[in-house]
Amino acid sequence: MGQVSDIEGDEARGETFFIALMTADSEDGTQRLSQLAGRFVDRFERTDGEWRIKNRVAVHDLSITLRIDEDYLASNELKRGTRDIDDPGAALLAMAYRSGRSASG
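My numbering puts the first residue of the sequence shown at 50, with every later residue one more than the last.
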């Protein structure tokens, strides 16, 4: 998404934008898609060489919920994301972590 930051010595301020998508079943049995867009407005401090968030405000800019009639992009050719080690991203990051290098190179 996007990020804005300002660093002065051992203090910094930043604004990071996010989009979250969630699916859930409704009481009537239909699926719903909820989308949330917002920002984290943070103040950071560096102590002993490590940056830490000292204050965070979560800003809600937009949200919407829609009924899913049909998932037009569902395909056997696309690997579905999961929240475990079987996810392609998790497997790649685990390999990079074990080898001691970043996942991008």
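Backbone N, C-alpha and C fix where the C-beta goes; we use that ideal spot for every residue, glycine too. Bear in mind the structure is a predicted one, so any value in this text is a computation, not a measurement.
Just how far apart, CA to CA, sit residue i and residue j?
i	j	result
E57	W100	13 Å
D55	A107	18 Å
A139	D118	30 Å
Q52	V90	10 Å
L111	A86	5 Å
T131	A143	15 Å
Q80	T96	46 Å
K103	E64	14 Å
Let me confirm a value: residue i is counted as buried when at least 16 other C-beta atoms fall within 10 Å, else exposed. Which label applies?
i	result
S153	Residue placement at S153 cannot be trusted, given a pLDDT of 49 that sits under 50; what the coordinates show is reported in the next sentence. Answer is exposed; the Cβ neighbour count stays below 16.
R88	buried
Return the bridge partner residues of residue i from the DSSP annotation.
i	result
G87	F67, H109
T96	E99
D74	Q80
L115	L82
Starting from residue i, trace the beta strand (DSSP E) both ways and give me its first and last residue.
i	result
I56	52-57
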